[in-house]
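A.B. asks:
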Amino acid sequence: MNYIVFDLEWNQSPGGKEKENPRLPFEIIEIGAVKLNSSLEETGQFHSVIRPSVYPSLNYHTREVVRLSEDSLRNGTPFPEAVREFLSFCGGDAMFCTWGPSDLTELQRNMKYYGLLSMLRGPLHYYDVQKLFAIQYETMKSRKSLEYAADFLKLDHSLAFHQALSDAVYTARVFRTIDPSVRSAYDSIDVYQNPKTKHEEIHAVYNGYSKFISREFDSKEEAVADREVSSTYCCLCGRRARKKIRWFSVGSKNYYCVALCPEHGYLKGKVRMKHTDEGKFYVVKTIKISSPQEAEEIRQKKETIRKKRNQRHR
Numbered sequence: 001m002n003y004i005v006f007d008l009e010w011n012q013s014p015g016g017k018e019k020e021n022p023r024l025p026f027e028i029i030e031i032g033a034v035k036l037n038s039s040l041e042e043t044g045q046f047h048s049v050i051r052p053s054v055y056p057s058l059n060y061h062t063r064e065v066v067r068l069s070e071d072s073l074r075n076g077t078p079f080p081e082a083v084r085e086f087l088s089f090c091g092g093d094a095m096f097c098t099w100g101p102s103d104l105t106e107l108q109r110n111m112k113y114y115g116l117l118s119m120l121r122g123p124l125h126y127y128d129v130q131k132l133f134a135i136q137y138e139t140m141k142s143r144k145s146l147e148y149a150a151d152f153l154k155l156d157h158s159l160a161f162h163q164a165l166s167d168a169v170y171t172a173r174v175f176r177t178i179d180p181s182v183r184s185a186y187d188s189i190d191v192y193q194n195p196k197t198k199h200e201e202i203h204a205v206y207n208g209y210s211k212f213i214s215r216e217f218d219s220k221e222e223a224v225a226d227r228e229v230s231s232t233y234c235c236l237c238g239r240r241a242r243k244k245i246r247w248f249s250v251g252s253k254n255y256y257c258v259a260l261c262p263e264h265g266y267l268k269g270k271v272r273m274k275h276t277d278e279g280k281f282y283v284v285k286t287i288k289i290s291s292p293q294e295a296e297e298i299r300q301k302k303e304t305i306r307k308k309r310n311q312r313h314r
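Just so we're aligned, residue 1 is where the sequence shown starts under UniProt numbering, counting upward by one.
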């Protein structure tokens, strides 16, 4: 297996949200990638500057961050040609690695805009190197910049940041420092191409938590009512866990519950409601080992929300 460590730079509407193309809020203007073999040795590099067709002028924020001029973009490669070259470089047996979850999602969104998404079948398992860095060197919830990680690891800073190839090189260098046991225990799943049927639903178990990704539903209510979505099983032993605090909503996208496993104690359930570009809904549910203290905090959160709702309806 090869590892494809890649980074993207993208542009957005110079005219703000009002003039944004909703099908393509972020248009890729640069792809950089490093190929590593199974021993994490570098075996190749890829770089392409892409000629934009949706937002030919640079957004002011993009202009401040990236190191590309509009002249260089005008001489760039059209996206369909560039992405075909990139996927050819990747080869058939490749695992993507990125700094954070956004790049893989935006790559697929751009491919979908040009009718090329069938070239990259999802959902995609990949390595989020930002998350792996946090797990190995800091805390699970910590999310640091690539430049911070390079400083922390005392990596050579001779390359400029915020260039696609340079950032891919830095990400590859960080990836090499990750312990294989951490890497194997914490792969990520990109669900831009989410499961469509019950047969395609994803059940994954990690170190201390489990993840379920549902099929599509027509409404949030239908999703929450689904038996698989509402069930709670221990992420360690797989036994059904009895709910102590039933599912309740926090805002419009998140739901929480607390369950109790006879063997492993309290479990915290979280459901994140996601929506597709076509207006459908699907669920990402995590079940984690918890504590009596966290269970009490969730109970208090539910009670606070209940009181606020009662006050609004008076």
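Ideal Cβ positions, reconstructed from N, Cα and C, are used throughout, including at glycine. All figures in this text were calculated on a predicted structure; none of them were measured in a lab.
Would you tell me roughly how many angstroms separate the C-alpha atoms of Lys17 and His264, rounded to the nearest one?
C.D. replies: 48 Å
A.B. asks: Apart from the five residues just before and just after Glu20, which ones in its own chain have a Cβ nearer than 6 Å to its Cβ?
C.D. replies: Excluding the 5 residues flanking it on each side, Glu20 has same chain C-beta neighbours closer than 6 Å at Ser13, in chain order.
A.B. asks: Check each candidate in Asp151, Leu153 and Leu132 and name the one with the smallest Cα separation from Arg143.
C.D. replies: Leu132
A.B. asks: Spatial neighbours of Ser72 within its chain, please: CB distance less than 8 Å, with the 5 preceding and 5 following residues excluded, ordered by chain position.
C.D. replies: Closer than 8 Å at Cβ, skipping near neighbours: Val49.
A.B. asks: Just to confirm before moving on: does the CB-CB distance between Ile287 and Tyr233 stay below 8 Å?
C.D. replies: yes
A.B. asks: Just confirm the distance between the C-beta atoms of Tyr137 and Cys97, as a whole number of angstroms; I'd bet it's less than 8 Å.
C.D. replies: 17 Å between Cβ atoms; not a contact.
A.B. asks: At the level of alpha carbons, what is the spacing between His157 and Ser145?
C.D. replies: 14 Å
A.B. asks: By Cβ distance below 6 Å, which residues in the same chain neighbour Val129 in space, the five residues on each side in sequence not counted?
C.D. replies: Cys97, Trp99, Thr171, Val174 and Phe175
A.B. asks: What is the rounded straight-line gap between the Cα of Ile219 and the Cα of Phe212?
C.D. replies: The sequence shown places Ser at residue 219, not Ile. For Ser219 and Phe212, the distance between alpha carbons rounds to 18 Å.
A.B. asks: Expressed to the nearest angstrom, what Euclidean distance is found between the alpha-carbon atoms of Ala225 and Arg239?
C.D. replies: When the Cα atoms are used, Ala225 and Arg239 turn out to be separated by approximately 21 Å.
A.B. asks: Tell me whether the region 146-155 and the region 114-124 touch, counting them as touching only if at least three CB pairs, one residue from each stretch, are closer than 8 Å.
C.D. replies: no
A.B. asks: Val250 and Ala295 look like a contact to me (Cβ under 8 Å); what is the Cβ gap, rounded to whole Å?
C.D. replies: The pair is not a contact, with the Cβ atoms about 15 Å apart (cut-off 8 Å).
A.B. asks: For a test of the three-state rule: what should DSSP assign to Asn21, helix, strand or coil?
C.D. replies: coil
A.B. asks: Which whole runs of the beta strand (DSSP E) in the region 166-233 are 3 residues long or more, in chain order?
C.D. replies: 188-190, 202-205 and 209-213
A.B. asks: Under 8 Å by Cβ, that's how I've got Asp167 and Asp7 pegged, so tell me the actual separation to the nearest angstrom.
C.D. replies: With a beta-carbon spacing of about 4 Å, Asp167 and Asp7 fall inside the 8 Å limit used to define contacts.
A.B. asks: Going by the CB atoms, is the gap between Val271 and residue 335 shorter than 8 Å?
C.D. replies: Since the first and last residues shown for the chain are 1 and 314, residue 335 lies out of range.
A.B. asks: Hey, would you say Val169 sits closer than 8 Å to Val65, going by beta carbons?
C.D. replies: no
A.B. asks: Quick check: what's the CA-CA separation for Asn207 versus Ser184?
C.D. replies: Rounded to whole angstroms, Asn207 to Ser184 spans 10 Å at the Cα level.
A.B. asks: Would you mind reading off the limits of the beta strand (DSSP E) that contains Ser249?
C.D. replies: Arg242 to Val250
A.B. asks: Where does Gln311 land, buried or exposed, given buried means 16+ other C-beta within 10 angstroms?
C.D. replies: exposed
A.B. asks: Following the continuous beta strand (DSSP E) through Ser72, name the residue where it begins and the one where it ends.
C.D. replies: Where Ser72 is concerned, there is no enclosing beta strand (DSSP E), although the alpha helix (DSSP H) it sits in stretches over Glu70 to Arg74.
A.B. asks: What whole-angstrom Cβ distance do Ile29 and Pro56 have, given they're in contact under 8 Å?
C.D. replies: With a Cβ gap of about 10 Å, Ile29 and Pro56 do not count as contacting.
A.B. asks: From the DSSP output, in three-state form, read off Gln163 for me.
C.D. replies: Coil, per DSSP.
A.B. asks: Quick one: using the 10 Å Cβ neighbour count with 16 as the cut-off for buried, is Asn194 buried or exposed?
C.D. replies: buried
A.B. asks: Looking only at DSSP bridge pairs, what is Leu117 linked to?
C.D. replies: Beta-bridge pairing links Leu117 to no other residue.
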